[in-house]
DNA sequence: CCTAACTGTAACCAAATTGGTTGCGATAAC
DNA sequence: GTTATCGCAACCAATTTGGTTACAGTTAGG
């Protein structure tokens with residue numbers, strides 16, 4: 016299988032905040048995700064720790080973007096909620112008495128980091144604002160009920 | 016966390032097969048991995064299904080490369096043992112009554128596939144032969160005991 | 001033909017992770 | 001002070017993971 020879906024949830028939430036341009040509660044976001052508020056607060060909490068969103072407590076509180084949607088990339092969201100390693104390394108060190116075992120970890124580390132970097136670089140090219148634009152385009156393409 | 020370490024194990028095994036240029040048993044490979052033969056057979060079984068290695072049963076049997084080490088990339092090993100998706104999608108479909116929920120899955124799918132493709136492309140640039148070369152170089156750099 | 005050395009595979013295990021949930025305390029607006 | 005919100009700990013079932021045991025099937029060699 017793959018990683019957790021936290022990235023998808025985080026990006027979904029960020030897109031909502033950028034789309035509606037107002038503070039949203041964890042309940043509102045949870046409804047769109049067909050999930051529940053606690054899960055949303057968990058993930059948005061990571062985004063807040065990473066400086067992507069702001070939260071305010073108490074009545075009327077909720078979540079809002081900490082910077083413009085053009086200044087938040089999918090990569091920002093990804094690293095905020097997910098561990099750095101996407102490709103898992105050896106579960107434990109190989110046998111150092113084997114010539115391959117002695118060196119493979121260090122060699123693989125370089126290769127895997129390069130591959131992960133390529134993925135991050137691609138994620139970094141799309142902003143939350145791009146996603147909002149795409150949502151609006153997709154919505155316009157729907158058979159409208161207004162006429 | 017990240018994916019399973021099957022890729023790392025598969026690449027390790029392929030590198031051994033290319034380095035020693037002879038048939039190896041799952042026990043020999045397991046020893047280098049500090050793991051056990053059944054696990055190795057499981058993973059090498061996937062590599063065989065993908066056409067990367069050959070196995071022969073019975074006494075004197077074991078595993079060997081099905082093609083030259085220059086014709087096997089890290090990407091080949093990766094897709095042979097791991098599911099395609101590296102970035103997890105939504106755990107379940109979002110609420111289609113929300114404008115963002117309606118479209119985010121399809122939009123994210125394109126972005127995530129592009130990011131995964133970038134990673135695969137990078138993995139595809141390194142061959143098992145490259146790793147063997149790097150092992151030999153690293154080994155030569157070690158303080159030798161022979162003099 | 002028998003035995004030893006292999007692969008193949010099913011069954012099982014403990015540990016970790018995941019998405020989800022409940023409960024409750026803290027905070028702030030009204 | 002009541003209500004709406006976040007913050008957080010605790011817990012849960014399901015899944016995945018690396019690992020292990022057990023054993024059947026296959027092949028080479030004596």
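Chains as they are written, first to last, in this note's numbering: chain V, 16 to 162; chain H, 16 to 162.
All C-beta atoms, glycine included, are put in the ideal place defined by N, C-alpha and C.
These numbers come from a predicted model, not from an experiment.
Should the segment 30-46 of chain V be called in touch with the segment 98-118 of chain H, which here means at least 3 C-beta pairs below 8 angstroms?
The segment 30-46 of chain V is in contact with the segment 98-118 of chain H.
CB residue 59 (chain H) to CB residue 81 (chain H), shorter than 9 angstroms?
Contact flag unset, no.
Does the segment 121-139 of chain V come within contact of the segment 70-86 of chain H, defined as at least 3 CB pairs closer than 8 angstroms?
no
Cα-Cα, which of V:96, V:94, V:103 and V:156 is closest to residue 118 (chain H)?
V:156
Flag this pair as touching only if the segment 136-145 of chain H and the segment 86-104 of chain H have three or more C-beta atom pairs under 8 angstroms; answer yes or no.
Judged by Cβ distances under 8 angstroms, the segment 136-145 of chain H makes contact with the segment 86-104 of chain H, as three or more pairs qualify.
Would a C-beta distance cut-off of 9 angstroms place residue 39 (chain V) and residue 79 (chain V) closer than the cut-off?
yes
So, does the CB of residue 121 (chain V) fall closer than 9 angstroms to a CB anywhere in chain H?
yes
For residue 130 (chain V), which residues from the same chain have a beta carbon less than 6 angstroms from its beta carbon, with the 5 sequence-adjacent residues on both sides left out?
none
With H, G and I counted as helix, E and B as strand and the rest as coil, what does DSSP make of residue 68 (chain V)?
strand
Give a yes or no on whether 9 angstroms exceeds the smallest Cβ distance from residue 34 (chain V) to chain H.
The beta carbon of residue 34 (chain V) falls within 9 angstroms of a beta carbon belonging to chain H, placing the residue at that interface.
Would you identify the three-state DSSP class for residue 16 (chain V), choosing helix, strand or coil?
With a pLDDT of only 44 at residue 16 (chain V), under 50, the local geometry of the prediction cannot be trusted, and no value is derived from it.
Any beta carbon of chain V sitting closer than 9 angstroms to that of residue 61 (chain H)?
no
Cβ of residue 41 (chain V) versus every heavy atom of the ligand ATP: is any distance shorter than 8 angstroms?
No copy of the ligand ATP occurs in the structure displayed, which carries no ligand at all.
I'd like the span of the beta strand (DSSP E) that includes residue 138 (chain H), first residue to last.
Run containing residue 138 (chain H): none in the beta strand (DSSP E); it sits in the alpha helix (DSSP H), 114-138.
Contacting residues, own chain, Cβ-Cβ under 6 angstroms from residue 70 (chain V) (five flanking each side not counted):
Exclusion of the five residues before and after residue 70 (chain V) leaves 63 and 78 as the residues of its chain whose Cβ lies within less than 6 angstroms of its Cβ.
Please classify residue 42 (chain V) as buried or exposed, where buried requires at least 16 neighbouring CB atoms within 10 angstroms.
exposed
Going along chain H, which residues have a C-beta under 7 angstroms from residue 26 (chain V)?
123
With DSSP as the reference, please indicate the residues paired to residue 79 (chain V) in a beta bridge.
Note: residue 79 (chain V) sits in a beta bridge opposite V:69.
Do residue 21 (chain V) and residue 61 (chain V) have their C-beta atoms within less than 9 angstroms of each other?
yes
Is the beta carbon of residue 24 (chain H) less than 9 angstroms from the beta carbon of residue 101 (chain H)?
no
The alpha helix (DSSP H) spanning residue 30 (chain H) covers which residue range?
21-35
When the Cα atoms are used, what is the spatial distance from residue 136 (chain V) to residue 105 (chain H)?
22 angstroms
Using 9 angstroms as the limit for Cβ to Cβ distance, is residue 66 (chain V) near chain H?
no
Any C-beta of chain H within less than 9 angstroms: which residues of the segment 137-148 of chain V qualify?
137, 138, 140, 141, 145, 146 and 147
Expressed to the nearest angstrom, what Euclidean distance is found between the alpha-carbon atoms of residue 16 (chain V) and residue 99 (chain H)?
For residue 16 (chain V), the predicted model reports a pLDDT of 44, less than 50, meaning its position is unreliable and no value from the coordinates is stated.
Quick one: Cα of residue 27 (chain V) to Cα of residue 53 (chain H), how far?
41 angstroms
Could you please give the first and the last residue of the uninterrupted alpha helix (DSSP H) stretch that includes residue 87 (chain H)?
Neither: residue 87 (chain H) is in no alpha helix (DSSP H) and is coded neither H nor E.
Between the segment 36-60 of chain V and chain H, which residues of the former have a C-beta closer than 7 angstroms to a C-beta of the latter?
46, 47, 48 and 49
Do residue 133 (chain H) and residue 134 (chain V) have their C-beta atoms within less than 9 angstroms of each other?
yes
Are the CB atoms of residue 92 (chain V) and residue 29 (chain V) within a distance shorter than 9 angstroms?
Taking 9 angstroms as the Cβ cut-off, residue 29 (chain V) and residue 92 (chain V) qualify as a contacting pair.
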